[in-house]
Amino acid sequence: MKNHSEKEQFQEILLELKRSKEREAQLHKENQVILRGLSAISDAQTKEDIFNGLLNVIKEFVEFDNAIVVSSTDKDTFSVLASTNPYFDHLTWRYNDLFHRACHDETIILFQPHKTNEFLFKNTELQSLFSSVAICGLKSHSGYAVIILACSKFGAYSTLEKEKIERFMPLVERAVIDIDYKERLNAMVSLKTKELFLSKERFQDFAETVGDWFWETDPQFNFTYLSDTKINNTSIISQNLLSLISNDFINSTIIESEKRLAPFHEVEWNPDIFNNKVWLSLSGKPFFDEFGTFVGYRGTAKDISARKKRIRDIQTAKIEAEKANKAKSQFLAMMSHEIRTPLNSILGLVDVFHNSLLSEEQLDWLNQMESSSQLLLTIISDVLDISRIEAGTFVLNEQPIDLLRSLNTSINFLDTRAKDKGITLTVTASQNVPKYVFADATRLSQVIFNLVGNAIKFTNHGHVAVKIEKLPNNSISISVSDTGIGIASTTLEQLFKPFVQADSSITRKYGGTGLGLAIIKRLVELMQGTIAVESRLNVGSTFKITLPLKEISDLPKQLNNEAKELVNQRSLNILLAEDNKANQAVLQILLEKQGHHVSIVSNGEEAISIFKHQTNGCFFDVVLMDVSMPVKDGISATTELRKLGIELPIIAITAHAMETEKEMCLEAGMNDFISKPIRAKDLSDILIKYSFK
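As structure tokens, this is what we get:
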């Protein structure tokens, strides 16, 4: 009995040993297959290769007809990541209890899948493929993944297959992770490839749009990259940037930049290969490798031919404009000379006849003649002024002046005109107005004279008031108010434009060119000031100018000396050089009436001859020298006289009234100048300087 029992135990041990060896052999086989599977998965290049490698391993131990890997990144909808049949690729599953269990380390066997919502399909053909289902899954760092094994045979899976699948889960996990990683990597590569393509396409579009030529060189400036082998349809033959440029100055600029490893910008290049018809702008900067080693230059060559053409066109237009301005100035100067020369005779004779015995009617005619001549003189002066201002050649002659005295001189001259019209003209100045300022007295007087003159002209009754005050910012404010005809608000903004008047009928009724206010505005702006106007029709107008005049404590001594009394004035021996016969006669009469002795020559050459060959030349006290004369003009004659050592005063007679000509007179050695038309008082005033013993 005992032997029988021991024999049975021995048989059981042998059987268990056999079973252990079988399990060991099975496990060894499974492990070998898993290792081969891991190796295959590791060597796989695509997700299909990984999936096929996994299924080849599983299929040796677990039967299936089809397999599907589904995944989800948001734990909401699972879509097919890989499958054995493209028929399944369109399938999707919502996150469900089965997938939840599978992704949390549970392998699920479904004996009747059609009784679950997850595997109930309307398509009977599709339904027949899922007669038996085994499900396993896992949770990875990128989401959830589930493997579905399907068999068309009912009851194909049991707990034995479940155990086998569970033993293969590490391989499944590795495969799913690799599939997911490959999928994401492929998606990333695809995205980056697309971005790179778009970037390249964008770069090419920009390059074609801006017309730039992009290049890259090594440290010796040999080309390593060219965006195009042509520039403006001309082939680039040279393989070196410096050889292509072939310009010593440009090359030296680039080489100097390379020595300092510095960029160079906007180097203009006019290549010979384009027959000098194309201009390029070169820019480049050095670039370095990851170790900081200088490896070359990158840059662009931009076509700036259009810009250069615009610059040339602008320069040409500027030259033409300057020529036109010069021609206009010369024309106006000539017109000034041609108008002032006969006016000199007219106004000179007016001065002569004023001292004659005339009837009241004749005196009235003479006054009308003088008024008309003065109006003509004013017109030509206005035209000259606006021309010089617009040409930018007008220069202020600023110096220390007595402000109130200068203003009163201009205003007092108009007092008689106001009284003749029955208008009250008043001037008020605040106590804080500075006595001495730095300004152009002539132009300041011109501004006030025009403003007050206009106010009187357009006022038929009432008053004209001038108010002068110092503002808190130390500027000087001068306002001129009147009770005249006023100006419509619609025409105020046009008021300061040349040749514009508020109403064209005003020109016929009141006269004038419409230049006065335009000149005033330009002069005020040249003085860094402002002008404003307020007006109402049939009520009156107020013009207000504000000037930043610099206050000074006192006038220089030479400007503070008043004109000397005429007690010691003596008769002068005067040499008059003038080519116009009428002007010779008028000036001779005016000078002789003032007690001077006059000798006349018709040009500068005759004046020089007197001083060279006649002994009485040394007895002249003053020379009145016309600037514009035939044979030899006054400036040339003066220059030659000074070279001969003639030091007596020479006074220029000019009909141009241009500052540049006056400067030329002084530079030639003339002592002073007087402008045509010459009035008796002007002549007397300038000769006073040379009339004392």
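The sequence shown runs 97 to 789 under my numbering. Glycine included, C-beta positions come from ideal geometry on N, C-alpha and C. Here the structure is a predicted model, which means the values were calculated and not measured.
Look at the alpha carbon of Arg-436 and the alpha carbon of Lys-414, and state the distance between them as a whole number of angstroms.
As a working note, residue 436 is residue 340 in the sequence shown. As a working note, residue 414 is residue 318 in the sequence shown. The alpha-carbon atoms of Arg-436 and Lys-414 are separated by roughly 32 Å.
Could you check what DSSP says for Cys-199 in three-state terms: helix, strand or coil?
Looking up residue 199 in the sequence shown gives position 103. Coil at Cys-199, not helix or strand.
Please say whether Cys-232 and Ala-283 have beta carbons closer to each other than 7 Å?
Here the question's residue 283 lines up with position 187 in the sequence shown. Here the question's residue 232 lines up with position 136 in the sequence shown. It is not a contact, given that the beta carbons lie outside the stated cut-off.
Express the C-alpha separation of Ser-698 and Gly-713 in angstroms, rounding to a whole number.
Reading the sequence shown from its first residue, position 617 is the one you call residue 713. Reading the sequence shown from its first residue, position 602 is the one you call residue 698. Confidence at Gly-713 is low in this model, with a pLDDT of 46, below 50, so the placement of that residue is unreliable and no value is reported for it.
Apart from the five residues on each side of it in sequence, which residues of its chain come closer than 7 Å, Cβ to Cβ, to Thr-555?
Translated into the one-based positions of the sequence shown, residue 555 becomes position 459. Around Thr-555: Ile-519, Asp-578, Thr-579, Gly-580.
Report the partner residues of Ser-780 according to the DSSP bridge assignment.
The residue given as residue 780 occupies position 684 in the sequence shown. None; Ser-780 has no bridge partner.
If I'm right that Ile-544 touches Ile-572 with Cβ under 8 Å, what's the distance once you round it to whole angstroms?
To locate residue 544, count along the sequence shown from 1; it is residue 448. To locate residue 572, count along the sequence shown from 1; it is residue 476. Actually they do not touch by this definition, with Cβ atoms about 12 Å apart.
Tell me, please, which residues DSSP counts as bridged to Arg-190.
By 1-based counting over the sequence shown, the position of residue 190 is 94. DSSP, once it has assigned bridges, lists Thr-173 as partnering Arg-190.
With burial defined as no fewer than 16 other Cβ atoms inside 10 Å of the residue's Cβ, what is the status of His-709: buried or exposed?
Translated into the one-based positions of the sequence shown, residue 709 becomes position 613. His-709 comes out exposed.
To the nearest angstrom, how far is it from the Cα of Glu-257 to the Cα of Pro-266?
Position 161 of the sequence shown, counted from the first residue, corresponds to residue 257. Position 170 of the sequence shown, counted from the first residue, corresponds to residue 266. So the alpha carbons of these two residues sit roughly 16 Å apart.
Give the C-beta separation of Ala-561 and Thr-522 to the nearest angstrom, bearing in mind that I take them to be a contact with Cβ-Cβ under 8 Å.
Against the sequence shown, residue 561 aligns to sequence position 465. Against the sequence shown, residue 522 aligns to sequence position 426. About 5 Å separates the two Cβ atoms, so the contact holds.
According to DSSP, is Leu-462 part of a helix, a strand, or is it coil?
The count along the sequence shown starts at 1 and reaches residue 462 at position 366. Reduced to three states, the DSSP call for Leu-462 is helix.
What does the Cβ neighbour count give for Phe-769, buried or exposed, with the cut at 16 atoms within 10 Å?
The residue labelled residue 769 in the question sits at position 673 within the sequence shown. So Phe-769 ends up on the buried side.
Could you please give me the residues that DSSP links to Pro-382 through a beta bridge?
Along the sequence shown, read from residue 1 onward, the residue named residue 382 stands at position 286. The partner list for Pro-382 (beta bridge, DSSP) reads Tyr-393.
For a test of the three-state rule: what should DSSP assign to Arg-501, helix, strand or coil?
Reading the sequence shown from its first residue, position 405 is the one you call residue 501. Residue state, collapsed to three classes: helix.
Strictly by DSSP, which residues pair up with Leu-521?
As a position in the sequence shown, residue 521 is number 425, starting the count at 1. Bridge partners of Leu-521: Val-560.
Compare the C-alpha of Ile-327 against each of Pro-315, Ser-667, Leu-340 and name the closest.
Residue mapping note: residue 327 aligns to position 231 of the sequence shown, counting from 1. Of the listed residues, the one whose Cα sits closest to Ile-327 is Leu-340.
Whose CA, out of Gly-251, Trp-189, Glu-259, Glu-214, lies closest to the CA of Asp-201?
Looking up residue 201 in the sequence shown gives position 105. Of Gly-251, Trp-189, Glu-259, Glu-214, the residue nearest in Cα terms is Glu-259.
In angstroms with no decimal places, state the Cα-to-Cα distance between Leu-645 and Val-533.
Taking the sequence shown and counting its residues from 1, the one referred to as residue 645 is at position 549. Taking the sequence shown and counting its residues from 1, the one referred to as residue 533 is at position 437. Distance between the alpha carbons of Leu-645 and Val-533 is about 6 Å.
Here's a check: name, in chain order, each residue in its chain whose Cβ is nearer than 7 Å to the Cβ of Gly-667, leaving out the five neighbours to either side.
Counted from its first residue, the sequence shown places residue 667 at position 571. The amino acid occupying residue 667 in the given sequence is Ser; Gly does not appear at that position. Correct list, in chain order: Gly-691, His-692, His-693.
Applying the 10 Å Cβ sphere with the 16-neighbour rule, what's the burial state of Tyr-321?
Taking the sequence shown and counting its residues from 1, the one referred to as residue 321 is at position 225. Exposed.
According to DSSP, is Met-721 helix, strand or coil?
Counting from 1 along the sequence shown, the entry for residue 721 is found at position 625. It is a strand residue.
Tell me which same chain residues have a C-beta within less than 6 Å of the C-beta of Leu-499, skipping the five on either side of it?
Residue numbering aside, residue 499 sits at position 403 when the sequence shown is read from its first letter. These residues qualify, in order along the chain: Val-533.
Within the same chain, show all residues whose beta-carbon is closer than 7 Å to that of Thr-188, passing over the 5 residues directly before and after it, in chain order.
Counted from its first residue, the sequence shown places residue 188 at position 92. Closer than 7 Å at the Cβ level, and outside the excluded window around Thr-188, lie Thr-173, Phe-174, Ser-175.
Leu-357: which of Pro-382, Met-430, Phe-217, Asn-347 sits nearest, CA to CA?
Numbered from 1 along the sequence shown, position 261 holds the residue referred to as residue 357. Nearest of Pro-382, Met-430, Phe-217, Asn-347 to Leu-357, Cα basis: Pro-382.
So, at 8 Å on beta carbons, what are the nonlocal neighbours of Met-721 in its own chain, with the 5 sequence-adjacent residues on each side left out?
Taking the first residue of the sequence shown as position 1, residue 721 is located at position 625. Correct list, in chain order: Ala-673, Gly-700, Ala-703, Gly-730, Ala-733, Thr-734, Ile-746, Ile-747, Ala-748, Ile-749, Met-766.
From the DSSP output, in three-state form, read off Tyr-277 for me.
Start at 1 with the first residue of the sequence shown, and residue 277 comes out as number 181. The answer is helix: DSSP assigns Tyr-277 an H, G or I state.
Could you work out which residue in Asn-329, Asn-336, Thr-325 is closest to Thr-313 when comparing CA atoms only?
Walking along the sequence shown from the start, residue 313 turns up at place 217. When each option's Cα is compared against that of Thr-313, the closest is Asn-336.
Assuming Ala-751 and Ser-724 are in contact, meaning their beta carbons sit under 8 Å apart, how far apart are those beta carbons, in whole angstroms?
Within the sequence shown, numbered from 1, the residue matching residue 751 stands at position 655. Within the sequence shown, numbered from 1, the residue matching residue 724 stands at position 628. Indeed, because the Cβ distance is near 7 Å, the residues count as touching under 8 Å.
Of all the options Phe-195, Tyr-183, Phe-215, which has the alpha carbon lying nearest to the alpha carbon of Lys-235?
Taking the first residue of the sequence shown as position 1, residue 235 is located at position 139. Comparing Cα positions, the closest option is Phe-195.
What are the boundary residues of the beta strand (DSSP E) that Ser-575 is part of?
As a position in the sequence shown, residue 575 is number 479, starting the count at 1. It spans 572-578 - the beta strand (DSSP E) in which Ser-575 sits, taken as one unbroken run.
Is Asn-181 helix, strand or coil by DSSP?
The residue you call residue 181 lines up with position 85 of the sequence shown. Three-state result, Asn-181: coil.
Given that a residue counts as buried once 16 or more other Cβ atoms are within 10 Å of its Cβ, and exposed if not, what is Arg-190?
As a working mapping, residue 190 is identified with position 94 in the sequence shown. Looking at its Cβ environment, which holds fewer than 16 other Cβ atoms inside 10 Å, Arg-190 is exposed.
Excluding five sequence neighbours on each side, which residues of the same chain lie with their C-beta closer than 8 Å to the C-beta of Gly-444?
Within the sequence shown, the letter at position 348 stands for residue 444. Around Gly-444: Asn-679, Val-682, Leu-683, Ile-685, Leu-686, Pro-773, Ile-774, Arg-775, Ala-776.
Residues in its own chain within less than 7 Å of Asp-447 by CB, not counting five upstream and five downstream?
Translated into positions along the sequence shown, residue 447 becomes position 351. Answer for Asp-447: Leu-686, Arg-775, Ala-776, listed in chain order.
When the Cα atoms are used, what is the spatial distance from Leu-591 to Ser-631?
By 1-based counting over the sequence shown, the position of residue 591 is 495. By 1-based counting over the sequence shown, the position of residue 631 is 535. Answer to the nearest angstrom: the Cα atoms are 11 Å apart.
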